[in-house]
Each structure stands twice: as C-alpha cells, then as structure tokens.
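In my numbering, the protein residues as written are 27 to 198. All C-beta atoms in this analysis are idealised placements derived from N, C-alpha and C, irrespective of residue type, glycine included. Structure, as structure tokens:
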C-alpha cells in the first residue's frame, strides 16, 4: 500500500517536472542531435496529382460531392475540420488550395500543422491548426500531401467558424 502510494506521488512529481522543463529538454535533445528534423530532406519535390484528377477534385468540391472517388491508385483522401475565428473563411471558394505548414518549434504541440490559403487580394488567410492525432507530419515533410478547402460554416459560437478541408495523401 505504501509502495503504490509513493509510486503515484513520484509519477505525479515526474510529470510536473517534465512539463515545466519541456522547453529545456527539447533544446538539449536538439543540441545532442536526438530530434529528427520535420522538414523534407534536400531534393524532395512536392508530389503532384495529374491535371485531370485535380480538375475532378475541384469539380467535386464545388458541387459538394465526394472527392475521394477521383483519387488515383496510391492516394487516399479524408476530410478534416478546423476551428477558426476568422470570418474570411466564409469568403473562400470550395476548391481553393490550402498550404499545410509544419511548425516543429511550436511550444504547445510537437505535431503542430498550420493551414493557410492565399486570397485573391494577395493576402494570406491563416485558417488554423489541424487537430491532434492527424499523423500527417511525415507525409507533409516529404511533400506527399495536397489539401483543398471543401466548405466553411459557422459554429454554435457566433464569432467562430469551422473550415472543412479535403486532404489527399500519397501513400504507395
């Protein structure tokens, strides 16, 4: 009984210490070379879809149809929702290409991926971040992910929006 109580105390204290010193631990791992870079190795080119497939995806998204059916062999597709406070999401057209950008230096999450789009006025709209558990970091780093805006809708909170993205991953 006393042993399990002490183990629980040490586990809680260890978790708190690990959380408090997380930036320092990350810096030590970087200096020692234990962290793997989240950027693509030199010479990795962005994987592209054939033109006919891209047109089919855009047509499906604009017609509010299932875009997964247009993907060729070796590609898989899924939808992902992102919460955002920007009202400009309502101005995005379905089929707008979205950039997914790795943020390995984000102190809150190691798997942080930011989504953004270019607007017609040449400004950039920061949509938000993919939710936890997306498991796309490695594919993004190797240029195997393409993403498009599917639709935007208001959430229950009056000032919040939700963007639905269609994500295609090359996974041979």
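Could you compute how far the alpha carbon of residue i sits from the alpha carbon of residue j?
{"i": "residue 141", "j": "residue 34", "result": "40 Å"}
{"i": "residue 130", "j": "residue 138", "result": "7 Å"}
{"i": "residue 93", "j": "residue 190", "result": "13 Å"}
{"i": "residue 187", "j": "residue 180", "result": "4 Å"}
{"i": "residue 145", "j": "residue 118", "result": "8 Å"}
Which residue marks the beginning of the beta strand (DSSP E) containing residue i, and which one marks its end?
{"i": "residue 144", "result": "139-144"}
{"i": "residue 102", "result": "101-110"}
{"i": "residue 154", "result": "150-155"}
Would DSSP call residue i helix, strand or coil?
{"i": "residue 191", "result": "strand"}
{"i": "residue 53", "result": "helix"}
{"i": "residue 66", "result": "Here residue 66 scores only 49 on pLDDT, less than 50, and its place in the model is too uncertain to base an answer on."}
{"i": "residue 158", "result": "coil"}
{"i": "residue 178", "result": "strand"}
{"i": "residue 170", "result": "coil"}
{"i": "residue 41", "result": "helix"}
Can you check whether the CB of residue j is closer than 7 Å to the CB of residue i?
{"i": "residue 110", "j": "residue 154", "result": "yes"}
{"i": "residue 87", "j": "residue 120", "result": "yes"}
{"i": "residue 122", "j": "residue 143", "result": "yes"}
{"i": "residue 83", "j": "residue 126", "result": "no"}
{"i": "residue 101", "j": "residue 194", "result": "yes"}
Name the two residues that bound the continuous alpha helix (DSSP H) containing residue i.
{"i": "residue 124", "result": "Residue 124 -> no alpha helix (DSSP H), and no H or E assigned at all."}
{"i": "residue 80", "result": "77-88"}
When you measure from the CB of residue i to every non-hydrogen atom of the ligand MG, does any distance come out below 6 Å?
{"i": "residue 31", "result": "Here there are no bound small molecules, and the ligand MG is not part of this structure."}
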